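J.: Residue 0 is where the sequence shown starts when you use numbering that gives the first Met the number 0, and the numbers rise one by one after that.
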Amino acid sequence: MEPVNIDLKPYYINQFDANFKKIRFANNSKVGQYGCGVCCAAMIICWKLDISTVNGKQSVLKKVIADATNFNGSLVYTNVACRGRVFQFDTHVVDMAGSILKREPAICHLNGHFVLVTGYDPSKPGFEAYIVLDPISKKNTNLKEPMRKYGSKIIKKIT
0 MEPVNIDLKP YYINQFDANF KKIRFANNSK VGQYGCGVCC AAMIICWKLD ISTVNGKQSV
60 LKKVIADATN FNGSLVYTNV ACRGRVFQFD THVVDMAGSI LKREPAICHL NGHFVLVTGY
120 DPSKPGFEAY IVLDPISKKN TNLKEPMRKY GSKIIKKIT
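#1: Could you tell me whether the Cβ atoms of residue 102 and residue 5 are closer together than 7 Å?
#2: Is it true that the CB of residue 74 sits closer than 7 Å to the CB of residue 125?
#3: In chain order, what are the residue ranges of uninterrupted alpha helix (DSSP H) at least 4 long that sit wholly in the stretch 49-112?
#4: Based on DSSP bridge pairs, tell me the residues matched to residue 155.
#5: Residue 85: buried (16+ other C-beta within 10 angstroms of its C-beta) or exposed?
#6: Determine the contact status of residue 142 and residue 39, defining contact as a CB-CB distance below 7 Å.
#7: Could you give the first and the last residue of the continuous beta strand (DSSP E) run that contains residue 129?
#8: Please work out which residues of its chain come closer than 8 Å, Cβ to Cβ, to residue 148, disregarding the five sequence neighbours upstream and downstream, and give them in chain order.
#9: Just how far apart, CA to CA, sit residue 77 and residue 65?
#10: Specify, as a first and last residue, the run of the alpha helix (DSSP H) that residue 125 falls within.
#11: Consult DSSP for residue 148 and reduce its assignment to one of helix, strand or coil.
#12: Pairs of beta-carbons, one from the stretch 13-27 and one from the stretch 89-98, closer than 8 Å: are there three or more?
#13: Expressed to the nearest angstrom, what Euclidean distance is found between the alpha-carbon atoms of residue 29 and residue 97?
#14: I'd like to check one pair, residue 117 with residue 106: are the Cβ atoms closer than 7 Å?
#15: Taking only the alpha-carbon atoms, compute the straight-line gap between residue 7 and residue 150 and give it to the nearest angstrom.
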């Protein structure tokens, strides 16, 4: 198996970036506090629509919050309608590596945190093989790194 890495770097959204951290959820909490999940969903939509500007990313992030979160600000993965397209998130993903091989990024829900899995490198061991974009830190480049803080249990895998 050859390594696969979907280049989503132009669509990266850091939840602590001044351009995004003050965007509010329905319960008035902010992306900077609790936005890792919506940032991951927004990155996928931005990639699909080739939106890489700050204003464009802000618009998509606000749309994800409006369409796919509940009153408590929790991401519920309902459809997101954006720029004439409807994005559906599948919460029944079993195989992240298989998703990546199909060139579909996957959102990995850890205990209290979400990261976007964008690639797979079979030459690396275990969770180091999964290449990630982490809305909290650009320094985290593989799944094992955020697992050091949030634990190795994967709660949900979403595409």
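Ideal Cβ positions, reconstructed from N, Cα and C, are used throughout, including at glycine. Predicted model, so just to flag it, every value in this text is computed and none were measured.
T.: In this structure, then:
#1: Residue 5 sits close to residue 102, with the two beta carbons spaced by under 7 Å.
#2: No, Cβ-Cβ distance for residue 125 and residue 74 is not below 7 Å.
#3: Within the stretch 49-112, the complete alpha helix (DSSP H) runs of at least 4 residues are 53-67 and 95-100.
#4: Under DSSP, the beta-bridge partners assigned to residue 155 are 108.
#5: Around the beta carbon of residue 85, a 10 Å sphere encloses fewer than 16 other beta carbons of the protein chains shown; the residue is thus reported as exposed.
#6: No, Cβ-Cβ distance for residue 142 and residue 39 is not below 7 Å.
#7: Element bounds for residue 129: 129-132.
#8: Around residue 148: 112.
#9: If you take the alpha carbons of residue 77 and residue 65, they lie about 10 Å apart.
#10: Here residue 125 belongs to no alpha helix (DSSP H), and DSSP marks it neither H nor E.
#11: Correct three-state label for residue 148: helix.
#12: Counting Cβ pairs under 8 Å, fewer than three are found: no touch.
#13: In a straight line, the C-alpha of residue 29 is about 33 Å away from that of residue 97.
#14: No, the pair does not count as a contact, with Cβ atoms beyond the cut-off.
#15: Going by the C-alpha atoms only, they are around 25 Å apart.
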